[in-house]
Amino acid sequence: MWLRENLSIFWHSFQVRVFLALTLIIVIVIPGTGYFCYLQARRVAEKQMQQYALGTAVQISKRVESFLSHHTYNAKLIKSFFENDLINHSDDKEILRYLHLFQQEHPEFFNINFGDETGRFLMAPAQIPEVHKTFDPRVRPWYRGAIQTKDVHWTNVYLFASTQKPGMTVSVPIYDKTGSIWAVCGIDIDISSFSRFLKGIKIGKQGFAYIFENKQGRVIAHPSLVQLPWNPYHIDLLRTCLTDLNQKNMRFGMSTFQGDKFFTAYTDYPGNDWTVGVTLPVSDFLENVEAIKKGIITLVIAGILLSSLLSYLIAMTIVRPLNILKKGIERISSGDLEYKVNITDPDIASALAGSFNQMASSLEMSTRELEKTYAELAQKEKLAAVGQMTAGIAHEIKNPLGIILGSAQVVSNSNRPMEMREKAADFIIKEVERLNKTLTAFLDFAKPASPNFQRIDITDLLEEILISTEERFVEKGYRIDRDFPSMAPTILADPDQIKEVFWNIFLNAIQSMPDGGTVTVKINIEKGKESIDAAIIPIKGLIQHNPDYLTVSIMDQGCGISDEQMEKIMDPFVSFRDDGIGLGLSIVSQIIKSHKGQIKIKSIPKKGTQFKLLFPLVLSGE
-14 MWLRENLSIF
-4 WHSFQVRVFL
6 ALTLIIVIVI
16 PGTGYFCYLQ
26 ARRVAEKQMQ
36 QYALGTAVQI
46 SKRVESFLSH
56 HTYNAKLIKS
66 FFENDLINHS
76 DDKEILRYLH
86 LFQQEHPEFF
96 NINFGDETGR
106 FLMAPAQIPE
116 VHKTFDPRVR
126 PWYRGAIQTK
136 DVHWTNVYLF
146 ASTQKPGMTV
156 SVPIYDKTGS
166 IWAVCGIDID
176 ISSFSRFLKG
186 IKIGKQGFAY
196 IFENKQGRVI
206 AHPSLVQLPW
216 NPYHIDLLRT
226 CLTDLNQKNM
236 RFGMSTFQGD
246 KFFTAYTDYP
256 GNDWTVGVTL
266 PVSDFLENVE
276 AIKKGIITLV
286 IAGILLSSLL
296 SYLIAMTIVR
306 PLNILKKGIE
316 RISSGDLEYK
326 VNITDPDIAS
336 ALAGSFNQMA
346 SSLEMSTREL
356 EKTYAELAQK
366 EKLAAVGQMT
376 AGIAHEIKNP
386 LGIILGSAQV
396 VSNSNRPMEM
406 REKAADFIIK
416 EVERLNKTLT
426 AFLDFAKPAS
436 PNFQRIDITD
446 LLEEILISTE
456 ERFVEKGYRI
466 DRDFPSMAPT
476 ILADPDQIKE
486 VFWNIFLNAI
496 QSMPDGGTVT
506 VKINIEKGKE
516 SIDAAIIPIK
526 GLIQHNPDYL
536 TVSIMDQGCG
546 ISDEQMEKIM
556 DPFVSFRDDG
566 IGLGLSIVSQ
576 IIKSHKGQIK
586 IKSIPKKGTQ
596 FKLLFPLVLS
606 GE
């Protein structure tokens, strides 16, 4: 309970709310701005990485084409030697010598092959004679491709017959004077030369390029293929990237391999069914972005801490003057109208403090004038009340005195019959008793006895009064209905005075129903409200703020009370019956006020009246 109350006070604190509002704005705006900048930087970096990868793939494709065109040129050079009769094509030894010299000048040429339409086959470096005799070049891919294309032809990767190693052959057809193809020359190229070529190309910090053929997806060239010991990491990586992009039907995109992200771009190699790929780690391009991210996080944290401190100072700057003003209001509310607040900053709070002090001075002056006016008004009301009471008393005494005077004259006249004189004496006695009753009621009203407070059970007290009322009026057609709880809380009251209150109200209820009827009495509990008077009960040892109330409702079915009568019903010496003194409800009102209670009256003419008495419930002070 203590923790909940303190949390509630903390949450409803104006200073805390101002601080939280400013801090919340800062916490949302600064990180949001930082995160937006980070996303923008990352998006730009990814866009640049995409353009770089695609551009690099295209450039590598062109460089590969340039690299292969060198071999194509050499093949065409050999072709021109034969077609221009610089080599005697009928002399095998001269052909082999020339091919051998050409192969020595170009070590990247694995083999140089020559075959004609008759099936003659020559190769440098020279092979054993059985190879030249039994090997038919016309069935080889390089020979058949050149014959079919009638131009330079690059074969797919295949195993060389001489070494059983993978490679490629560039071949060209050789024409005779009539324009017919009579032979084909081919140059075997070790596929590792492509890998060495790609290894020499620098792509970022850790990026690499590679070539694979499209039919079977075999890797033709890759920088790691010429590294010893051979590491399968890169081959597995490019296979993963190839699979991801093929599934997405994309030529570029992001892939994840062993927890790292890589960007890959592909482009077709013209002239062959190949694809050139470029793969580079995302971290190469996002390294600066990550540095920006760390910087933004640092700045955000520092900004939040600094802004929170500034928010706290701003909240204090706003709330401190308000607390001073609050203290001033409390002092003035307690009656210290001479108290002044002292606020020098900020400007608005200082101006507000000046206005507050001016208001306090005006209020002090108005209060003094009001006290003076109230004293004069109280004196006038007192004189008016004395005059009204005097008139009431005079009216109440005048009639009995007239009766007493006439009766005394009858008694003093010895000529009157004894019976008349005795009857006049009885009139004198009754009128004297009536005067005594009137004067007693007046004294009770003018100076009521102080209540003797004690805890009483209102249910028991009501039952006692109701029983005697029923015994007195049941034969005249009156009935009393009760609606009491099984157990009602006790109240602090003077039992004799409370009995007088209920007895007066019951008599009024019965007198309002001359032909009989039902009086309903109900006991209930009501929660304390700010609107109810006497919120604090000044009884020694007993105090409670905004107490709960025990209510007693008394409802009759009588003639009711009009609005005009309702305004005067509590005034002294005001009675709407010929035989009434007019002090009954005035005394009831005084007793209820002395008990810090309240009376509420509701009435509908010709239908009935409800008197609702509210008695505060109090707890023993500690």
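In terms of our numbering, the sequence shown opens at residue -14 and continues consecutively. Don't be surprised by glycine CBs; every beta carbon is placed ideally from N, CA and C. Bear in mind that the values here come from a model prediction, so they are computed numbers and not experimental data.
- Within the same chain, Cβ atoms closer than 6 Å to the Cβ of V261 are found at A42, I45, S46, I196, T252, Y254, the five residues on either side in sequence being excluded.
- Per DSSP, M498 is not a residue of any beta strand (DSSP E), being assigned neither H nor E.
- Burial state of G152 is buried, judged by a 10 Å Cβ sphere holding 16 or more other Cβ atoms.
- For the pair N59 and E79, the Cα-to-Cα distance works out to about 18 Å.
- For Y251, the enclosing beta strand (DSSP E) begins and ends at 245 to 254.
- Only residues of its own chain outside the window of five on either side were considered, and among them V142, P151, G152, M153, I205, A206 have a CB closer than 7 Å to the CB of I176, listed in chain order.
- Taking the CA atoms as reference points, D533 sits about 6 Å from P601.
- D173 is a Cβ neighbour of F94, given a cutoff of 8 Å.
- P92 places its beta carbon 8 Å or farther from that of F106.
- In its chain, beyond the 5 residues on either side, D258, W259, T260 have a beta carbon closer than 8 Å to the beta carbon of N199.
- DSSP lists no bridge partner for M551.
- Rounded to whole angstroms, A494 and I309 show a C-alpha spacing of 56 Å.
- Within the same chain, and ignoring the five residues on either side of R203 in sequence, the residues whose Cβ sits closer than 8 Å to its Cβ are V142, F197.
- Taking a 10 Å sphere around the C-beta of N98, we find 16 or more other C-beta atoms and assign the residue as buried.
- Looking at the DSSP output, H138 sits in a beta bridge with S156.
- Within the model, the alpha-carbon separation for A38 versus E50 is close to 18 Å.
- The segment 534 to 541 and the segment 497 to 514 touch, with three or more beta-carbon pairs separated by less than 8 Å.
- Taken through DSSP and simplified to helix, strand or coil, S588 comes out as strand.
- DSSP places C170 in the strand class (E or B) of the three-state scheme.
- DSSP, read as helix, strand or coil, puts Y143 in strand.
- Residues of the same chain with a CB within less than 6 Å of the CB of S165, apart from the 5 flanking positions on each side, do not exist.
- In this structure, the alpha-carbon of K187 lies about 29 Å from that of Q232.
- For G185, there is no enclosing beta strand (DSSP E), as DSSP marks it with neither H nor E.
- Cβ neighbours of G501 within its own chain (closer than 7 Å, five residues either side excluded): K461, G462, Y463.
- Residue pairing from DSSP places T594 in a beta bridge opposite S588.
- With contacts defined as CB atoms closer than 8 Å, G185 and V263 fail to qualify as a contacting pair.
- Rounded to the nearest whole angstrom, the C-alpha separation of T444 and F469 is 7 Å.
- In the three-state reduction of the DSSP assignment, V504 falls in the strand class.
- In the assembly as shown, I414 is an exposed residue. Its beta-carbon has fewer than 16 other beta-carbons within 10 Å.
- N437 sits in coil when the DSSP states are folded into three classes, being neither helix nor strand.
- Taking C-beta atoms as the reference points, F247 and P217 fail to come closer than 8 Å.
- In this structure, L446 sits near P480, with a CB-CB distance shorter than 8 Å.
- Listed as beta-bridge partners of P266 by DSSP are F247.
- For R123, no beta strand (DSSP E) segment is defined, and its DSSP state is neither H nor E.
- The distance from the Cβ of G130 to that of S156 is about 6 Å, consistent with a contact at the 8 Å cut-off.
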